[in-house]
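Single-structure report; data block below.
Chains as they are written, first to last, in our numbering: chain A, 2 to 194; chain B, 6 to 223.
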């Protein structure tokens, strides 16, 4: 399979190059909102939506930037796009699901500084993906993020019920879990290639 | 250090030392985790990343604290992010000009400094509410604390995973590198290990203090 084919990009970004576990992007929500499964999944979905919207807009904006020869403004314009799509998601959620809005709390506006989203926009530009490839890349990254955060939340819910040494409670435990998850995702390396 | 001043704008030792240890951005607040884990596979990368972040933090702090009276409250986050993005673009081109090898090793993570929540968090929580000079002192402490934490990880990962430190071979030819340490899982495990160590020290201290307290009462 050629590395440019859509199937390859899709599987590769979900599993082998999972944004959270292999590329270390979007760790703040991964560690912060993964306490409960029923907040983790909406968080994943919201992130995925923002990723799709911002990736598509970034594709369009990049065309303009290249045409006008002002690529040094790329970073600033991408971050502006992301901030406005987050604002959009925030307003939608607040209107249609106030409970969810409250339970996501501070992490909702922080999607803006989720490096996974900026990462998608930047990497698709570096790799010179066309429109279809960018779309697949962004959805793969979003699904991969949701998968990782849901797995983590499931594990942490189980651990709540077990006895742990008092030192390992809190962030250290989450990081160790992340390490083990990341180890197991390394097993996917080379998949689809 | 012993300056006793009730004035809110006073710059004390705590303003500076907050970021070094008590509220270390990485070990205590767990902010800016992505670069912490992604680029610390060697000590030199960690140092470069730390310094680049410190530059962006300092520069954006100065601008944010100077402009905070003029930025409307509703659009403050967007404004901060754009200020940060400007300085990141500058440092991106600077690193590219100084060392292309380093630029390639750090990859997209220089540009991703924009999304480092530590910087935005400082702008929102500290610089926008304090005088420029005080904010700069605080940002300097935070930046040094961040670089220190990155170095902690980078050194451990490079020694274990490549048997070297700053590219200098430590153990000779017979060393079998623990490759997983420079791969992604190593980042999680080493940081987890550091946190465990710090939590353990804190618990020990708390226990000692409690015993001392009891001894005093008796």
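A virtual CB, placed ideally from N, CA and C, is assigned to each residue, including glycine.
Through-space distance from residue 156 of chain A to residue 29 of chain B, alpha-carbon basis:
27 Å
Pairwise C-alpha distance: residue 5 of chain A and residue 131 of chain B:
46 Å
At a CB-CB cut-off below 7 Å, which residues of chain B make contact with residue 22 of chain A?
189
Exposed or buried, residue 124 of chain A, counting other C-beta atoms within 10 Å across all chains shown (16 or more means buried)?
buried
Pull up the distance between the alpha-carbon of residue 10 of chain B and that of residue 134 of chain B, whole angstroms please.
Caution is warranted here: a pLDDT of 47 is assigned to residue 10 of chain B, below 50, making its placement in the model unreliable, and no coordinate value can be reported.
Counting only runs that start and end within the region 10-56 of chain A, where is the alpha helix (DSSP H) found for 4 or more residues in a row?
DSSP assignment within the region 10-56 of chain A yields the following whole alpha helix (DSSP H) runs of 4 residues or more, N-terminal first: 28-33.
Suppose the cutoff is 8 Å on Cβ atoms and the five residues either side in sequence are ignored; what does the same chain contact list for residue 162 of chain B look like?
45, 46, 47, 186, 187, 191, 192 and 195
Would you kindly work out how many angstroms separate the C-alpha atoms of residue 143 of chain B and residue 140 of chain A, rounded to a whole number?
40 Å
Please work out which residues of its chain come closer than 7 Å, Cβ to Cβ, to residue 55 of chain A, disregarding the five sequence neighbours upstream and downstream, and give them in chain order.
82, 83, 86, 118 and 122
Inter-residue Cα distance where the pair is residue 197 of chain B and residue 142 of chain A:
25 Å
Taking the C-alpha atoms as reference points, what is the distance between residue 49 of chain B and residue 109 of chain A?
Distance between the alpha carbons of residue 49 of chain B and residue 109 of chain A: 34 Å.
Measuring CB to CB, does residue 43 of chain B end up less than 7 Å from residue 25 of chain A?
Yes, these two residues count as a Cβ contact at 7 Å.
Should residue 58 of chain A be flagged as near chain B, meaning a C-beta pair shorter than 7 Å?
no
Under 8 Å by Cβ, that's how I've got residue 203 of chain B and residue 32 of chain B pegged, so tell me the actual separation to the nearest angstrom.
6 Å
Mind checking which residues open and close the alpha helix (DSSP H) that includes residue 205 of chain B?
189-222
From what residue to what residue does the alpha helix (DSSP H) around residue 136 of chain B run?
Neither: residue 136 of chain B is in no alpha helix (DSSP H) and is coded neither H nor E.
Within its chain, find whatever has a CB closer than 7 Å to the CB of residue 68 of chain B; leave out the 5 residues flanking it on each side and keep chain order.
88
Sequence-distant residues of the same chain with beta carbon closer than 7 Å to residue 216 of chain B, five excluded per side
Closer than 7 Å at the Cβ level, and outside the excluded window around residue 216 of chain B, lies no residue.
Thinking residue 209 of chain A and residue 60 of chain A are a contact (beta carbons under 8 Å), I'd like their distance in whole angstroms, please.
Not covered by the structure: residue 209 of chain A. The range shown for chain A is 2 to 194.
Between which two residues does the alpha helix (DSSP H) holding residue 40 of chain B run?
38-43
Can you pull out the residues from the region 112-134 of chain B whose beta carbon lies closer than 8 Å to at least one beta carbon of chain A?
Listed by position along the chain: 113, 116, 117, 119, 120, 121, 122 and 125.
Are the CB atoms of residue 175 of chain B and residue 166 of chain B nearer to each other than 7 Å?
Cβ distance not < 7 Å, so residue 175 of chain B and residue 166 of chain B don't count as in contact.
List, in order along the chain, the chain A residues whose C-beta lies closer than 8 Å to that of residue 39 of chain B?
25, 26, 27, 28, 29 and 116
For residue 172 of chain A and residue 35 of chain B, believed in contact at Cβ under 8 Å, the rounded distance:
6 Å
Run of the alpha helix (DSSP H) containing residue 175 of chain A, from where it starts to where it stops:
172-186
Please report the straight-line C-alpha distance between residue 3 of chain A and residue 9 of chain A, rounded to a whole angstrom.
7 Å
7 Å Cβ cutoff met for residue 93 of chain B and residue 118 of chain B
Yes, these two residues count as a Cβ contact at 7 Å.
Give the C-beta separation of residue 22 of chain A and residue 186 of chain A to the nearest angstrom, bearing in mind that I take them to be a contact with Cβ-Cβ under 8 Å.
4 Å
Let me confirm a value: residue 113 of chain A is counted as buried when at least 16 other C-beta atoms fall within 10 Å, else exposed. Which label applies?
buried
In terms of DSSP beta bridges, what is residue 173 of chain B paired with?
For residue 173 of chain B, which the question treats as bridged, DSSP gives the partners B/170.
Taking 7 Å as the CB-CB limit, is residue 105 of chain B close to chain A?
no
Does any residue of chain B have a CB that is nearer than 7 Å to the CB of residue 152 of chain A?
no
At a Cβ cut of 7 Å, what residues of the region 172-194 of chain A count as close to chain B, listed as they run along the chain?
172, 173, 176, 177, 179, 180, 183, 184 and 187
Between which two residues does the alpha helix (DSSP H) carrying residue 96 of chain B extend?
81-103
Would residue 77 of chain A count as contacting chain B if we go by Cβ distances under 7 Å?
yes
Taking the alpha-carbon of residue 141 of chain B as reference, which of B/25, B/39 and B/65 has the nearest alpha-carbon?
B/65
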